[in-house]
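There are 2 protein chains.
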Amino acid sequence: MNKPDIKYLFEPESIAVIGVSQEPGKIGYKILENMIFGGYTGKIYPINPKGGTALGYDILTRIEDIEGEVDVAVIAIPARFVFDAVVSCAKKNVKMLAIISSGFSEIGNLEEEQRVVHYARAHNMRILGPNIFGHYSAKVSLNATFGPKDVRSGNVAIITQSGALGIAMIGKTAVQNIGLSSIISVGNKTDINEADLLEYLIEQEETKIILMYVEGIQEGERLVKILKEATRVKPVIVIKSGRSKRGAVAAASHTGSLAGSDQVFDAIMKQCGVLRAESIQEALEWSKFLSHTAIPKGPNGIIITNGGGVGVMATDACEKYDIKLYDDQEKLKETFESVAHGFGSTKNPVDITGEASKADYVKALKEALVDDSIHAVMALYCETAMMNSQELTEMIDEMYGQFSEKGKPITFSVFGGERTEEAIAVLHKKNVPVYRDVYDGVSCMGAIQFIRRVQSAEVVEYVSADIDTAAINKLIDSALADDRSFLLAEEGQGLLQAAQLPGPRGAVVQSVGAAVALADEIGYPVVMKVVSRDILHKSDAGGVLLDLENQGEVIDGYQTIIHSCKANVPNATIDGIEVVEQLTAGTEVILGARRDANFGTTLMFGLGGIYVEVMKDVAFRAVPLSDRDIRSMIKEIRSYPLLLGVRGEARKDIESIISAMVKVASLISNVPRITDIEINPMVVYEQGKGARAVDIRVLLSDDKKDSTS
Amino acid sequence: MNKPDIKYLFEPESIAVIGVSQEPGKIGYKILENMIFGGYTGKIYPINPKGGTALGYDILTRIEDIEGEVDVAVIAIPARFVFDAVVSCAKKNVKMLAIISSGFSEIGNLEEEQRVVHYARAHNMRILGPNIFGHYSAKVSLNATFGPKDVRSGNVAIITQSGALGIAMIGKTAVQNIGLSSIISVGNKTDINEADLLEYLIEQEETKIILMYVEGIQEGERLVKILKEATRVKPVIVIKSGRSKRGAVAAASHTGSLAGSDQVFDAIMKQCGVLRAESIQEALEWSKFLSHTAIPKGPNGIIITNGGGVGVMATDACEKYDIKLYDDQEKLKETFESVAHGFGSTKNPVDITGEASKADYVKALKEALVDDSIHAVMALYCETAMMNSQELTEMIDEMYGQFSEKGKPITFSVFGGERTEEAIAVLHKKNVPVYRDVYDGVSCMGAIQFIRRVQSAEVVEYVSADIDTAAINKLIDSALADDRSFLLAEEGQGLLQAAQLPGPRGAVVQSVGAAVALADEIGYPVVMKVVSRDILHKSDAGGVLLDLENQGEVIDGYQTIIHSCKANVPNATIDGIEVVEQLTAGTEVILGARRDANFGTTLMFGLGGIYVEVMKDVAFRAVPLSDRDIRSMIKEIRSYPLLLGVRGEARKDIESIISAMVKVASLISNVPRITDIEINPMVVYEQGKGARAVDIRVLLSDDKKDSTS
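Respectively, the protein sequence lines represent chains A and B. Everything in the first sequence is counted per the numbering used here, starting at 291 for the first residue and increasing by one. Everything in the second sequence is counted per the numbering used here, starting at 291 for the first residue and increasing by one.
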């Protein structure tokens, strides 16, 4: 099968509009109107069985009557007629179907949607939608939507799962002077989803910023992979609604339910280098700023202000948005001594006082511009009598120009009345980054610093460990044959061994002599347990002994267990005695991994017991992971200091945790039938002394192909 | 001494402006100009030793030459001349001095500031400032500032510690159509501070909302008291910069340093019923909304939308801003069935779909208006072809009018292009609460719901406990006489007793017989310790025995201790043997109290050990406290489930913790020489089994009058 390239959606040479009405106001008419008004550069074929004309075009009655090739068919007819139209499109070798029509899975009509998509796939056609408002592509001046006819062209690509919001954003971006390279309504995502579109948009030169409004994720694993690639070359901004408990779907398994899926989504987006916006407004502000501003050359930010109070607020905002404030006091003094006269300050925030005139601002900003150890500037201004509206406008405009030329980001946050508003109005029209609040400007600077860190990070290698998958698959085969979707305790121990995950050392022996030899090898104290299929409750049968401290106790213990079990379960066949290392107390951690229908494969880490259950102190990442990802997970939890050692305790064996995490990640990656792994607890000892998995819980799925839980 | 009433600042009948210049542009000239332009209703006396005329007024050369009474003297002359002017003002019995001049404590010249304030106080004059831009009071049309001459009058009072920001806010409020009842620059707060101004503003009819920009707090205890009174009658909004670590002052003692002072400030503001805004913009949006909107009659909010995506975002925002979404599905269905046709939803968010026309919105909103179980409405709109700009404007305007009339709050968040912007522009002019983002509108609704909760809360009684202050003062006298600013361990135990705080039971005995009798009474096991001034390191001397399980071990132990101590410290005088209850393990909590120069007296609570040290899981409140305050502190910590009992453990004795917190609060309230108390740990047992203070640390201050640390 040969899937057509997504580029046909963005760069079609010809489009059929199926369902063009002669009646203005109807969706089919509106789409044709928008295409013509937008100046689409390719061929347009309006289709309607009734024929007639619309907007100067003859309406063809049949798709088959089109003479040339058709790259895209926009389908805007009632759902019940869509399948037949798709069949006709297949005959014409149409490549892309943009199905505007509603009435499919979104109202429960999954069957018809499946029928359409299966047919389309079988005939090498791809589907956008159904249930969409259409799409726009600046590259070929194509507005194949029933939204506003005016779309401002530019370099921001929008992918939206919400139709209403998408249409509103076309208008909103236009009034905010944000130009679009494309806007794609993905609707029900029956075929084409965000991952497909991103693959194309990464390469598309016209697109510099990608903005996605997402409600639900599909193909999480693939999306994560593509997002990681995308963010290295272009800023990707995501808005995902359903952050709150009320909106969030209750996660199915323990691991997921710890925090709700929004925390997982948030962690994965950060890991992928995606900027997550809380609100539409924030996303648009970031898009606009990033589309006009060069990435800073380093982390050092500086605040220049004429008011102390707003300077402190900007400092607060810098902490919130993770912006490093340049802190070399001597260098700062040298640079700004001449401008922070009188009651001013050369510290960062640099306070040039309420006496600062246009010339003072220019001087201070130029000092920051030429100083190569300063990488970004946040300028603040409280209205004073020292500058009129025109001077303020000129100052900001000139300085913005010079900073832009040098590729050094600058934002202006200005506070005041009419005079300041006049300046803002003029500057907004010129796309100068001027804001009415400290937090807005600093938020944009935080976004671009985030992007700098993402794009300048070294390309990491994913870590993985050798896993004896053959042995593990044998365990799974046997469990599934047994009609179980989980591993038994012994099977779990087998899995630990196959993954070289350290559990308590031990083995099953059949004689007192072997027991003593093994205990000597393990080191005392040891635990002894009867091994018998006939004894379900080992402790009750007297089949478990703890705290065996020496050879003598092991010898006595062996006899005692045999004796007690024979007495309590007379007919039991005793297969042997298990001699196991008795674990001493340590720091308990929990490692989890999960294959999730939405997010793909994720790893979870936290301190065990209360920390995970009560304090919800856990970290998540998508698999595969780099060494840096794993280390950042460990450092991210609030209880991390416990691993470093507090109250005079020694540092814990963090390297052992990392090694175990790599193995758990490799397990879930390489064994598709495992859906959930939870090691709880793993006891971690002092540095150099290792860690031991005490208990492991493994859930299985029989479905090799659809390996989602 | 008879302090003049603050009302003279807001309602003066006459003002002298000291330092009026004949030169336009000078501050003294500007103030006179603003007063005249503003239409001040009282008498104005310009003063300057040079005499002359300005703006049609004769400038008097001496304050003493004024014929009538002078309520306020605005002083705008160099710092070095201020004292003499103040002396002259005293001769004229001026009541209020608004000292504009800079050059005092803000540049380190504390001495001169103190000289001025002491003189003023001694002569029954109060001081606003120094280092201010002046003040404005709508009541008498007084603009005694050197800021903008246009101030929009209305019902919001602003108190600002930042001059630059204050001046900018005069302009900013004007362009945002927010009217001011007053704006007061407090500058160095050498005399008049926020608490003084609040006392007046609580009563002033013209003021409906109070907005404060604060950098540092003085007289915390008094401020807390007045804020609690104020918020019961008027919304109080606070912006405090210095939220971040970089901005925050490192707190001096352990208790304070746990979280940094911003967490304490935040907790106290919540306790006082104050709305804390993060940014200027948020504070102004809240002010505007609250000044035009009636408090809702109940908590139930409802979202009405024509787009599902923005509906989900509003749901997220409702969780963020603590808004209860009305959830009676049956009632919702009944109410909205007729408007949520087709693909819509009657659930909350109520989705009236993208097909919704003006009439549909009106119908849905009217349903919400007449339904008394719905208390507040958040309406959302994504631009569609169903409404043009005029229809949108009319719909919102009409509905807002009807909701206002009924006293039911409503906000509109609208998304779209030109058409939507046109509607926003018209509606903003009419002060209709229409926003460009979901979060902005919902944030305002969250603010008004917070105010509803504050104002409708029952008036609480403060809790306190009987404390034997005589006994405690004796302990403190002795410690201070010893030149110590802390209590020794034994003194700490004495203090626990005097406050009836339960420590381990025990006493000092002088005979084996008494030891056995006491141990029998306490219950086994017990701890025995030597009591001797000559033995500093009791354990080293063999003077401490743990785990004494029965009479025999107590008898042996008594002898052993005497014997060991005699052997190890031959010349020691042994005063007796202390027999003490040996505490069993329980849940460790920490109780702290602190008298702080800024915040007044605060109580701290958290789980002990790791929870407080690593997880920083603590709660703060200002003293005095209600029973509800204390319970909310306990519930607020993340580790609260541990007190309720997790993993099959029993509930802990929370009532014992509450009782201990009341006693600690009473201790610090009633014993002014105690500055810090920390009980760490207090071991809490199962419900009904009490709690024991294991260790107490008490810091003292000799200074009875200035009881700040």
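Just so you know, even glycine gets a beta-carbon here, dropped at the ideal spot from N, CA and C. Just so you know, these numbers come straight off a predicted model, no measurement behind them.
In chain order, Gly597, Gly598 and Gly599 make up the part of chain B whose C-beta sits under 7 Å from the C-beta of Ser452(A). Rounded to whole angstroms, Ile593(A) and Leu615(A) show a C-alpha spacing of 8 Å. Within chain B, the residues placing a beta-carbon under 7 Å from that of Gly706(A) are Ala458, Gly461 and Lys462, ordered along the chain. Contact between Asp837(B) and Pro815(B) is confirmed by a C-beta separation of about 5 Å, below the 8 Å threshold. For the pair Ala912(A) and Gly890(A), the CB atoms are nearer than the 8 Å cut-off. The contact set of Cys672(A) on chain B, defined by CB atoms closer than 7 Å, consists of Ala454, Leu455, Ile457 and Ala458 in chain order.
Within the model, the alpha-carbon separation for Met818(A) versus Pro792(A) is close to 19 Å. The beta carbon of Gln466(A) sits closer than 7 Å to those of Leu574 and Lys578, all from its chain and outside the five residues before and after it, given in chain order. At a cut-off of 8 Å between C-beta atoms, Asp830(B) does not count as an interface residue with respect to chain A. Ranked by how close their Cα comes to the Cα of Ile812(A), the residues Pro794(A), Val820(A) and Gln800(A) have Pro794(A) in first place. Going by beta carbons, Ile482(B) and Ile397(B) fall outside the 8 Å limit. Here the alpha carbons of His631(A) and Val904(B) stand approximately 44 Å from one another. For Lys382(B), the three-state secondary structure derived from DSSP is coil. Taken through DSSP and simplified to helix, strand or coil, Met689(B) comes out as helix. Residues of chain A whose Cβ lies closer than 7 Å to the Cβ of Arg928(B) are, in chain order, Met905.
Taking all protein chains in view, the Cβ of Gln739(B) is crowded by 16 or more other Cβ atoms within 10 Å, so the residue is classified as buried.
Per the coordinates, the alpha-carbon of Ala380(B) lies some 18 Å from the alpha-carbon of Thr480(B). Gln571(A) has a beta carbon lying within less than 8 Å of a beta carbon in chain B. Ranked by Cα distance from Ser475(B), the first of Thr497(B), Gly437(B), Arg512(B) and Glu511(B) is Gly437(B). Contact note: Thr710(B) reaches chain A through Ala458, Gly461, Lys462 and Val465, using a C-beta cutoff of 9 Å and chain order. Straight across, the Cα-Cα distance linking Ile825(A) with Ile964(A) is about 29 Å. An exposed status is given to Ala715(A), since fewer than 16 other beta-carbon atoms sit within 10 Å of its beta-carbon. Taking one beta carbon from each stretch, the region 916–933 of chain B and the region 942–949 of chain B have 3 or more pairs nearer than 8 Å; the two touch.
Of all residues in the region 724–755 of chain A, only Arg726, Asp727, Val728, Tyr729 and Asp730 come within less than 8 Å of chain B when Cβ atoms are compared, listed by chain position. Using beta-carbon distances, Ser431(B) does not count as an interface residue toward chain A, since no partner is under 8 Å.
Annotated as proximal: Met668(A) and Met735(A), with beta-carbon spacing under 8 Å. With a threshold of 8 Å between beta carbons, Ile527(A) makes no contact with chain B.
In the assembly as shown, Arg937(B) is an exposed residue. Its beta-carbon has fewer than 16 other beta-carbons within 10 Å.
Taking the C-beta atoms as reference points, Val564(B) is found nearer than 8 Å to Thr521(B).
In this chain, the alpha helix (DSSP H) harbouring Ala607(A) covers Gly598 to Lys610. Taking all protein chains in view, the Cβ of Pro314(B) is surrounded by fewer than 16 other Cβ atoms within 10 Å, so the residue is classified as exposed. Checking the DSSP bridge columns, you'll see Thr343(B) partnered with Asp348(B). In summary, the residues of the region 647–681 of chain B whose CB is separated from some CB of chain A by less than 9 Å are Tyr671, Cys672, Glu673, Thr674 and Ala675, in the order they occur in the chain. The beta-carbon distance between Ser829(A) and Ala862(A), rounded to whole angstroms, is 14 Å. This is too long to meet the 8 Å contact definition.
Within chain A, the residues whose beta carbon sits less than 9 Å from that of Tyr503(B) are Gly599, listed in sequence order.
Judged by their CB atoms, Val430(A) and Gly332(A) are nearer to each other than the 8 Å cut-off.
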